[in-house]
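Numbering-wise, numbering that gives the first Met the number 0 puts 114 at position 115 of the sequence shown, and it's gapless, one number per residue.
Following: one structure in structure tokens, then a few remarks.
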Amino acid sequence: MRLRTRSLVAAILTAGCYLAIPTVNVLAQAPSQGPSISARDLSDQKLNAVATALERVASLRNDYRQRIAEVEAPAEKERIVAEANKELSKAVTEQGLSVEAVTSKIEAARDNPEVRDKLFQHVRPSGK
């Protein structure tokens, strides 16, 4: 179970949450936040919200990647990408977060092992 949890977070962090869906870069579009975040700056509540948002983003990313791969028409692909952008933003904002806040936490986790470990503790194992 712990390995799956680390795998999920590692995959998300490795990608920097920069989605591979063409032009679906909701999290990548956010400007970098100024000062770095330390582990003690992050509450359990905030980390749970970030972890939940990341899990939903990963799931949506997989779903939309598949949907885009299944269509041929460029106009339909663009429609799906627009829909994906809305859903990805919604996945973040439903957790009471902004895209910029999640991006800054991802960057902090990528750059700071202490923050990364604290985030790992809040990601639920996948049911796979």
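From the three backbone atoms N, C-alpha and C, an ideal C-beta is built for every residue, glycine too.
Nothing here was measured: the structure is a model prediction, and the numbers come from that model.
(request) Tell me whether T102 is buried or exposed, calling it buried when 16 or more other Cβ atoms sit within 10 Å of its Cβ. (result) Taking the first residue of the sequence shown as 1, we reach residue 102 at position 103. With 16 or more other Cβ atoms within 10 Å, it is buried.
(request) Buried or exposed for E106, please, with buried defined as at least 16 other CB atoms from any protein chain shown within 10 angstroms of its CB. (result) Along the sequence shown, read from residue 1 onward, the residue named residue 106 stands at position 107. Looking at its Cβ environment, which holds 16 or more other Cβ atoms inside 10 Å, E106 is buried.
(request) For A90, collect the residues of the same chain with a Cβ closer than 8 Å to its Cβ; drop the 5 residues on either side in sequence, then sort them by chain order. (result) As a first step, residue 90 must be located in the sequence shown, where it is residue number 91. So the list reads A52, R55, V56, L59, once near-sequence residues are dropped.
(request) Quick one: measure Cβ to Cβ for N48 and L87, integer angstroms, because I've assumed they're closer than 8 Å. (result) Working through the sequence shown from its first residue, we reach residue 48 at position 49. Working through the sequence shown from its first residue, we reach residue 87 at position 88. Looking at the sequence provided, one finds Ala at residue 48 rather than Asn. Distance from A48 to L87 at the Cβ level is roughly 15 Å; contact not present, criterion being Cβ atoms closer than 8 Å.
(message) Just to confirm the assignment: which complete alpha helix (DSSP H) runs, minimum length 4, are found wholly within the region 72-112?
(response) Within the region 72-112, the complete alpha helix (DSSP H) runs of at least 4 residues are 73-92, 98-110.
(request) Please state whether DSSP places L41 in a helix, a strand or coil. (result) Within the sequence shown, residue 41 is the residue found at index 42, counting from 1. Note: L41 maps to coil in three-state DSSP.
(request) Using beta-carbon positions only, say whether L41 and V114 come within less than 9 Å of one another. (result) Here residue 41 corresponds to residue number 42 of the sequence shown, with the count starting at 1. Here residue 114 corresponds to residue number 115 of the sequence shown, with the count starting at 1. Result yes, Cβ atoms of L41 and V114 sit closer than 9 Å.
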